[in-house]
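Here the sequence shown is numbered in this note's numbering, starting from -8 and rising by one per residue.
Written below as structure tokens is the structure these notes are about.
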Amino acid sequence: MDPAPASSVEPQAADAAVPHAFAEAVPGLAPGVLLHRSRHADTVRGTWGGRAVVAKRIREDIVDPDERQRAARGILREGLLLRRVSHPSIVRVARLVEHPATLVLELVPGRSMREELRLRRRLPAREAASVGWQLAEALEHLHRRWILHRDVKPANIVYDGHRAVLIDFHLAKEPGPMRGGAGTRLFTAPEQVRGGHVTAAADVWGLGTVLYRAVSGRLPFHATEGHPQLTERPVPVLQRLADSRFGGDLRRAEVDLPRELASLVDRMLSTHPDARPSAAEVAATLRLIAGSDAAA
Ligand SMILES: Nc1ncnc2c1ncn2[C@@H]1O[C@H](COP(=O)(O)OP(=O)(O)O)[C@@H](O)[C@H]1O
Ligand SMILES: [Mg+2]
-8 MDPAPASSVE PQAADAAVPH AFAEAVPGLA PGVLLHRSRH ADTVRGTWGG RAVVAKRIRE
52 DIVDPDERQR AARGILREGL LLRRVSHPSI VRVARLVEHP ATLVLELVPG RSMREELRLR
112 RRLPAREAAS VGWQLAEALE HLHRRWILHR DVKPANIVYD GHRAVLIDFH LAKEPGPMRG
172 GAGTRLFTAP EQVRGGHVTA AADVWGLGTV LYRAVSGRLP FHATEGHPQL TERPVPVLQR
232 LADSRFGGDL RRAEVDLPRE LASLVDRMLS THPDARPSAA EVAATLRLIA GSDAAA
């Protein structure tokens, strides 16, 4: 595989070599470098009883008590929900600590798919199918338990060149009526952006955007603001690949991207949720493509 898979997550903070200092210790946790800071949590590498882990902790600089409570509740909810599931492509909980709210997770080897795609630009069709198959099985596992992830995107996937693992369940919840707006702008299904009844099909859309990006090197939509998925249909992925790499020549693009994979990705990005395949169907189709000799 090209380039060699990373053996650990990529540091994302400027001062990544310096262990992140917390005023309040979590007993048993030796924190290492900061990987990521979001609105509610700091994600650090660390060790727990000698085991390499990643800890997602409430940010210490949140002072407003209501906001602290919301952030803590979010982290604990994420941990409790993750404890209900068990799948090789879903991150595992090592420990959940209430004060200060901390979710200790297994360290998944590899780098985020966002970083992987930034470095490699695209994945060969068969490798993309293998990644998609693993993640579709993870989604099938969640959907059978009445859980939606709601934020499937490259930054929430860790990949080591073989195993792809879904992380970051902070938006996960049961299907049903919900307010619009939650999710990541260009990766969120139209019905989730709008709000209303949201089902498992929204996660299939998210995985569709990941696969579209992985096989074509481009996102299905590019607008720098707003939600183009509410008004536009993506260019079919084979056409997008032909345009970006082969001067519009579809036949040359087809050598790189088998039609059955392209049409599956296009169906995953259907505007209407009922027109999208289920995660189970996606997994079964991708499994065949990943295992066949037809895909280059
Ligand atoms: N268990 C893990 N193993 C390896 N890397 C992880 C793990 N959890 C998180 N990361 C890294 O930290 C980043 C942020 O974690 P994430 O759970 O997505 O937090 P946030 O809710 O702040 O987005 C991820 O993009 C990934 O690079
Ligand atoms: Mg995330």
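Every residue, glycine too, gets a C-beta built ideally from N, C-alpha and C.
Using a C-beta cut-off of 8 Å, the segment 156 to 165 makes no contact with the segment 176 to 184, since fewer than three inter-stretch Cβ pairs fall below that distance. Taken in chain order, the complete beta strand (DSSP E) segments of 3 or more residues contained in the segment 118 to 181 are 148 to 150, 155 to 157, 167 to 170. In the structure shown, the three-state DSSP call for ALA116 is helix.
DSSP places SER254 in the helix class (H, G or I) of the three-state scheme. When the five nearest sequence neighbours on each side are left out, the beta carbons in the same chain lying within less than 7 Å of the beta carbon of SER235 are those of SER207, GLY208, ARG209, in order along the chain. Distance from the CA of ALA85 to the CA of VAL95, rounded to the nearest whole angstrom, comes to 5 Å.
For ARG113, the CB contacts under 6 Å within the same chain, skipping 5 residues up- and downstream, are GLY208 in chain order. Judged by their CB atoms, SER80 and ALA129 are nearer to each other than the 8 Å cut-off. Residue state for ALA214 is assigned as coil, using DSSP reduced to three classes.
In this structure, HIS27 sits near THR34, with a CB-CB distance shorter than 8 Å.
ARG250 and LEU229 have their C-alpha atoms some 8 Å from each other. Taking a cut-off of 8 Å for Cβ pairs, the segment 218 to 233 and the segment 119 to 137 do not touch, as fewer than three such pairs fall below it.
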